[in-house]
Structures are given as C-alpha cells and as structure tokens.
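So the structure is just underneath, and the comments pick up after that.
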DNA sequence: TATAAACAGTTTGTATTCAAACTGTTTTAG
DNA sequence: CTAAAACAGTTTGAATACAAACTGTTTATA
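Protein chains in written order, with our numbering: chain B, 2 to 149; chain G, 2 to 149.
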C-alpha cells in the first residue's frame, strides 16, 4: 500500500516538473512578446545568456551545448535560428576548421540588455516575499534531483 | 547590485527547471526501453495514466488536454501516436459527434500495469531516504510556482 | 427556425529535441 | 607518413508543443 502511494506521488511529481517547465516557457514567452521579441524563444535566451556572461561573447557550439545541457544537433538548429534573427554570427575557426566560432552581434548584446531586467519580473519576488536565498535554495534542490 | 544578483539567480532557476525536465524525460525513457517499450514517450504515459486512473478508462480529448496541461493540437498528435501503437482507441461519440471518445485498449492497460511499478524506481527513494511526504512537499512547491 | 456563437478536433507552419548516420578536419599511433 | 580514431558540426527522421486558421457539430438566441 505504501508502494502504491509512492508510485502516484512520483507520477504527480513528474507532472509537476513538466507543467512547471511549460508554464515557465509561457511566462517568458509573454515577456518576450511585450518586449517586441516575439520570435525569440526561452531556449535561444539560454544560448545568448551563455555567450554574454559565461563565454565573454564567443564560444564554439559544442562548448555551448555542454554548458546549457543540450545535444549538439539541438545546438545546430538553435544556432541556425539565432543566425536568421541576426542575434549571433557563426564563423569557422581558421585555427581549427572543425569548430564554429559563435559570437554575439550588436543586436544580440542589445537584446540581452533589454531582456535581463525583465527576466526577474517573471515572478513577482517582492510580493512573494522571496529572497535571493530562497530562489537559490530551490535551484539547488532541483539540481540535486538531476545529479542523483 | 541586489537586483543584478536576483536576475542571475532567476536565470539559473530557469535553467534548472529546463534541465530537470530533460533529465526526467531521459530517465523515464531509459526505463521504458528496459521494459521493451522503446516507442512510448513520457508524454504518452501522461495520457495513459490519466485514462487509467482519473478517467476510468474513457475520456474525450479536450478533457485529457485540460487535465494533463496540454493544448488540444498537442493532444491530436499524442492520440494519433498512441493509436498507431494500439494503446488507445479513438471513436466518435454518437451522442455528440464533436467528441472523440478515447479508450484504453487491452495493450494500454497491460502497459500501465507493467510501467507503474517501474516509475517509482526512477529515483531510488530508499537510498535517498526520501519519504512520501518529502516528495509531496516538493511537488507542492513546484505547483505553487505554476499558480503564482 | 434561421443565424450566430460555442465547442471539439484537425491542419498547418515553425520551433525544439535527440539519436543515429554522415561529412570533413585534426590528432594519434603504428 | 599513413591509417585509424577522435572530434565538431550537419542532416535526417520522429516526436512534442503551440498558435492560428479551419471543418463540422451542437447550442443559443433573435
């Protein structure tokens, strides 16, 4: 009997994770539309954030993929789509022709500057009386479930 | 300065949610492959679970969509794919020809019986010394972020 | 009782995801 | 120095997701 309960609890946990992700995506999408970036997706912002903050504006696709947790064929399409939108540039690395060097364009940098202040308004943290620490704790809890 | 930290914390929270979902999907997918159901997806199990436990074996597409949190066009493809795999049957409701009545097939029921005991082994809860209560609490926390 | 509105599902078009197979480049080893 | 292995990306094919436009059916309303 305990086991059956557990099964259902775990199932509901699964559903919560799937829903949370969908909900998050929709919230961010709405903010992006408000900003006039209706053709930019949450996933694209992952790439742009990485380039802007973690890679000092330049990285190859494999590196981006590893860091944002996607596989390399997903990256190919993401980079294709970001290229079309002129947010990044894709150049072959002349020193190692296997690599593409991805760089943020001016438009990409401008986007990040406009997007960032809006991100943290996705949830009204002050109304929720959530602190930085609360958020970091939750993130840590979520990450701990990944690493198990 | 506090605000900038918040922006990044929220960004990392986003990333954690996306990763957790990917990780979960992969874990379940592996279990499904072990069971010999390599062509069944996590999303399909959402539909099958709903039909089996919450709908007493029968529901229309809109009802399923509302309950598992997907939009109706997503449901159309899910039902198409579950039909191909003979896990469910789609029949027009003669009493209201706008509705499709979705029913679990024998194969679908058998699947659920085999799948369920395996779900809760996705995470080794005993090793993690996690109780039913811990899981339910986490689920509640996640859901609270959806409702905000 | 027509006509409009509401409802359930499908189709279309675009984006994402990923494994597997593939191309081309670079490195390693014999 | 050449063949094999490793590496970075792309392509392909199948699944999911969702908005918007569409078809048919039922219900409401004027």
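Even for Gly, the Cβ is constructed at its ideal location relative to N, Cα and C. Just so we're clear, the structure is a prediction, and the values are computed from it rather than from any experiment.
Asked                                                                                                                                                            : Found
Just verifying my parser: in three-state terms, what is the DSSP assignment at residue 147 of chain G?                                                           : helix
What did DSSP end up calling residue 65 of chain B once you bin it into helix, strand or coil?                                                                   : helix
Does the distance from the C-beta atom of residue 40 of chain G to that of residue 86 of chain G stay below 8 Å?                                                 : yes
Rounded to whole angstroms, what's the CA-CA distance from residue 60 of chain G to residue 111 of chain G? Just pull it up for me.                              : 18 Å
Extract the residue ranges of the alpha helix (DSSP H) inside the region 21-66 of chain G, only unbroken runs of 4 or more that lie entirely within it.          : 43-50
Taking the alpha-carbon positions, what's the residue 142 of chain B to residue 43 of chain B distance?                                                          : 22 Å
Tell whether a beta-carbon distance below 8 Å holds between residue 62 of chain G and residue 89 of chain G.                                                     : no
List the residues of chain G whose Cβ lies closer than 7 Å to the Cβ of residue 22 of chain B, in chain order.                                                   : 18, 19, 22
Based on the DSSP output, what are the partners of residue 89 of chain B in its beta bridges?                                                                    : B:105
Less than 8 Å between the beta carbons of residue 26 of chain B and residue 123 of chain B, yes or no?                                                           : no
Report buried or exposed for residue 10 of chain B, applying the criterion of at least 16 other Cβ atoms within 10 angstroms of its Cβ.                          : buried
Taking C-alpha atoms, which residue in G:76, G:145, G:95 lies nearest to residue 51 of chain G?                                                                  : G:76
Starting from the beta carbon of residue 6 of chain G, find every residue of chain B whose beta carbon is closer than 9 Å, and list them in chain order.         : 133
Which residues in the same chain have their Cβ closer than 8 Å to the Cβ of residue 5 of chain B, if we skip the five residues on either side of it in sequence? : none
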